[in-house]
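Step one of this worksheet: look at the structure below.
In full-length UniProt numbering, the protein residues as written are 1 to 255.
Next up, the structure:
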């Protein structure tokens, strides 16, 4: 008498499955491409507009609209899972890969890898274009390295943050609203928290982005007094916490 043992798909198979789904959805593909387009087109627009302040850097000016791209990255993360909840395809996903933590990890790794690569190329291109358009010697160049690596890492983190929020909220509109709130509200309300402003305002992905891009708008009053890399580390830390909570919720609730 023989015993048949069901074999659960491994992580590589789960990752390949997630890539196939991601690549097959036109809306997700184009939304992701928009991240790069907004970043690069924004550098050209700002460079030609003559709107930079004397204390701006080429890096900061060229990546002015990257804050919009960063929000789109969070939205992509949220829609990656909320789209499956809405269409009911998550049930098929979990039938193919029963280990729910593995499913969410595969989604997170895929999003992080795609967004890191895309944003690194787009932000580097934007910086080079901005430097070519802006008049030599008018603005300081800034320090693109390792800042560009940190910016790309921030895009990856925000994509995973959006994914975690999507699992917790489950509805597209609510998840997108929550992502935008996390991105903007702490910076807006930070001054109301007195001495805690450096933590509240500095906890937002947008604050970390402004510090990494070395924009003249990244004043302690606006984005907190934490440094660029501590802000990035703080965003990454609470993203990991939210992803862990999302994993527990995915395991305990029906698809």
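All C-beta atoms, glycine included, are put in the ideal place defined by N, C-alpha and C.
The structure displayed is predicted, hence computed values, not measured ones.
Specify the secondary structure class of residue 215 as computed by DSSP and reduced to three states. coil
For the alpha helix (DSSP H) that contains residue 138, what are its first and last residues? First-last for residue 138: undefined, no H or E at that position.
To which residues does DSSP link residue 57 through a beta bridge? Answer is 140, bridged to residue 57.
Determine contact between the stretch 95-111 and the stretch 243-253, defined as no fewer than three beta-carbon pairs at a distance below 8 Å. yes
Under the rule that 16 or more other beta-carbon atoms within 10 Å means buried, what is residue 189, buried or exposed? exposed
Which residues in the same chain as residue 36 place their Cβ atom closer than 6 Å to its Cβ, once the five residues preceding and following it in sequence are excluded? 118, 122
Buried or exposed (CB count within 10 angstroms, at least 16 for buried), residue 49: Flag for residue 49 reads exposed.
Just mark residue 205 as buried or exposed, buried being the case when its beta carbon has 16 or more other beta carbons within 10 Å. Sixteen is the threshold: when 16 or more other Cβ atoms of the shown chains lie within 10 Å of the Cβ of residue 205, as they do, the residue is buried.
Would you give the residue range spanned by the alpha helix (DSSP H) that residue 172 belongs to? 172-189
Member of 34, 65, 81 whose CA lies at the smallest distance from the CA of residue 19: 81
With a Cβ-Cβ cutoff of 8 Å, do residue 167 and residue 74 count as a contact? Between residue 167 and residue 74, the C-beta gap is not smaller than 8 Å, which leaves the two residues out of contact.
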